[in-house]
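Residue numbers (the numbering used here): 26 to 162.
What follows is the structure in structure tokens.
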């Protein structure tokens, strides 16, 4: 069974997405710590898409699909914003971020640490990012 949610391109709507992901994962008895980590990762991706890819354009949205396999959970995130190559992203060093006192900069790093697999497909029609997390019941 797959679950879908459309997130309007507004940071204020991210709480609805977090609630949706939490409820779906809870309904499948995913342990709380793993649920919290996956919610964090999906929230970070959706926030980046809304802020950077869609520039918070109220006419746009982000689609989130969640599906389950025997091994774990797949999250598919689809948007029509400016693409970003998360796969080849050169992560900053934590020390550099601390020295520069930049706000942000560690979200993608967290996503890559939390998720077990990340796939990206871009086309003129939009971007599809697939995140996979193994789960332990």
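Idealized CB from N, CA, C, for every residue including glycine.
Only a predicted model underlies this, so the values are computations on that prediction, with no experimental measurement involved.
Quiz item: Nearest to residue 104 by CA position, among 84, 145 and 74, is which residue?
Solution: That would be 74, whose Cα lies nearest to the Cα of residue 104.
Quiz item: By the 10 Å Cβ neighbour count, where 16 or more other Cβ atoms means buried, how is residue 60 classified, buried or exposed?
Solution: Burial state of residue 60 is buried, judged by a 10 Å Cβ sphere holding 16 or more other Cβ atoms.
Quiz item: DSSP state of residue 46, grouped into three classes?
Solution: Three-state result, residue 46: helix.
Quiz item: How is the beta strand (DSSP E) around residue 146 delimited, first residue to last?
Solution: First-last of the beta strand (DSSP E) with residue 146: 142-148.
Quiz item: In terms of alpha-carbon separation, which member of 62, 34, 51 and 54 lies closest to residue 135?
Solution: Considering only alpha carbons, the answer is 62.
Exercise. Tell me, please, whether the segment 77-90 touches the segment 49-59 by the rule of three or more beta-carbon pairs shorter than 8 Å.
Key: Not touching, per the Cβ criterion.
Quiz item: Comparing alpha-carbon positions, which option in 43, 82 and 97 lies nearest residue 155?
Solution: When only C-alpha atoms are compared, the closest one is 97.
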